[in-house]
Structures are given as structure tokens and as C-alpha cells.
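Numbering that gives the first Met the number 0 puts the first residue of the sequence shown at 0, with every later residue one more than the last.
Glycine is no exception: its CB is placed at the ideal position from the N, C-alpha and C atoms.
Only a predicted model underlies this, so the values are computations on that prediction, with no experimental measurement involved.
Below: one structure, written as C-alpha cells.
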Amino acid sequence: MTSPRAVLVGPPGSGKSTVGPLLAERLGVDFRDADADIEAAAGRSIPEIFTSDGEPAFRELEKRAVADGLGRYDGVYSLGGGAILAEETRALLAEHTVVFLSVSMPAGMQRTGMSTARPVLAGVNPRATYKQLLEARLPLYRSVATAEVDTDERRPDEVVDAVLAALGEKAPVEGSS
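Below, the structure written as C-alpha cells:
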């Protein structure tokens with residue numbers, strides 16, 4: 000069975016989509032994003048799935064896509080922020096190297112910009128929604144994490160360095176091959 004080199008989890012705005020490809024490049028492996036896999040399988044965007052089918056239907060698609068991805072990809076695999084809500088997904092993650100990219104509420108809000116492209120933040124009060132999301136999911140992220148890396152006040156390349164250090168990987172020295 001194939002296993003990802005690292006699985007990235009974290010809330011919206013933690014940097015999974017930015018850090019993932021950089022980390023994969025540094026490790027010399029491919030990058031996959033579970034949300035992109037879901038959109039490809041469904042033939043629709045995640046906001047469209049949420050709008051037309053609802054969150055429970057999306058979560059079911061997500062659960063299947065993540066289970067498939069965890070068994071198929073050997074690079075860096077980034078999960079959507081809510082993937083850890085499924086008990087089945089958390090159980091599968093126990094067999095993998097999982098990096099929780101943590102972010103504070105102010106930094107996460109700044110990075111997401113209360114984006115309408117993020118259906119879980121849509122609504123009357125995105126700030127309150129994000130706060131509730133962080134409070135509810137933080138214990139779940141930590142329960143599946145092999146390592147936790149704080150992304151606040153760090154540039155993406157600094158987050159990659161911290162992830163590599165947390166995983167005990169040697170960062171390649173610039174200019175050497």
C-alpha cells in the first residue's frame with residue numbers, strides 16, 4: 000500500500016494549499032489536494048456542491064476521496080479543513096504522518112479574507128463562524144497530528160522549514176545537489 004510522505008491538515012487559512020506544493024518540491028515528491036480531487040470527481044466546485052447538495056453530501060464525497068487518496072498518493076497530500084470531522088478519516092490518519100498547520104483566529108481571518116469561496120465561512124457573521132470552527136476542530140486536528148507547526152508570523156518557506164524540522168527531514172542546502 001502506498002502512503003503519503005506527509006498529510007497536511009488545518010483550518011482554512013492555515014496555508015495547506017500554499018505550503019503543500021512548496022513542501023512537496025523540497026521533498027522531491029508530488030503534491031495532491033483532496034479538495035481538487037473532490038471537484039474533479041464531482042465535476043463541480045466545492046461551493047457548488049455545498050449549495051446544490053448540502054454539507055452532508057459534500058462530507059460524504061470528501062470522506063471517500065480522502066480514503067482513496069491516502070491509499071494512492073505517495074507525496075504530500077493536503078486535506079480540506081473539515082476532513083478531520085469524519086471519524087473514519089481520523090482513524091485512517093492514525094496510520095500516516097500528519098502535520099497540523101495551526102493558525103490563530105486573527106491570522107486565519109486575514110488570510111481567508113472571509114472568502115465566499117469557502118462555504119463553511121459563508122453566512123451572516125464569518126468571524127463568529129471561524130471562531131466556532133477553530134474551537135470545535137482544534138482538538139480533532141491535534142488528535143491526528145504527528146507534528147504541529149504554527150504558521151502565524153511565518154512566510155511559506157519558513158513554514159516548510161519548520162515542517163521539515165518537525166518531521167526530522169534534512170532541508171536541502173541551496174545550490175547543492
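Pairwise C-alpha distance: residue j and residue i
i: serine 44; j: isoleucine 37; result: 8 Å
i: alanine 41; j: threonine 128; result: 26 Å
i: proline 10; j: valine 98; result: 12 Å
i: leucine 69; j: alanine 23; result: 15 Å
i: alanine 64; j: glutamate 147; result: 24 Å
i: proline 46; j: aspartate 29; result: 26 Å
i: serine 16; j: aspartate 32; result: 7 Å
i: glutamate 157; j: arginine 71; result: 28 Å
i: arginine 136; j: valine 143; result: 11 Å
Helix, strand or coil at residue i according to DSSP, with G and I counted as helix
i: valine 65; result: helix
i: leucine 163; result: helix
i: serine 103; result: coil
i: aspartate 156; result: helix
i: valine 97; result: strand
i: threonine 115; result: In this prediction, threonine 115 has a pLDDT of 48, which is less than 50 and means its spatial position is unreliable; nothing more can be read from the coordinates.
Delimiting residues of the alpha helix (DSSP H) encompassing residue i
i: glutamate 47; result: 45-52
i: arginine 4; result: Per DSSP, arginine 4 belongs to no alpha helix (DSSP H) and is neither H nor E.
i: aspartate 36; result: 33-41
i: proline 20; result: 15-26
i: alanine 90; result: 86-92
Among the options, nearest to residue i - alpha-carbon criterion
i: leucine 139; options: Ala39, Leu92, Pro155; result: Leu92
i: glycine 74; options: Val148, Arg63, Leu7, Gly14; result: Leu7
i: lysine 130; options: Pro105, Val158, Ala144; result: Pro105
i: glutamine 109; options: His95, Arg89, Ser13, Asp32; result: Ser13
i: tyrosine 96; options: Val102, Leu132, Ser77; result: This sequence places threonine at residue 96; tyrosine is not what is there. With distances taken between Cα atoms, threonine 96 lies closest to Ser77.
Residue i - containing beta strand (DSSP E), residue span
i: leucine 78; result: Element bounds for leucine 78: n/a, residue is neither H nor E.
i: glutamate 147; result: 146-149
Cβ of residue i within 7 Å of any chain D Cβ
i: valine 148; result: Protein chains in the displayed structure number just one, and chain D is not present.
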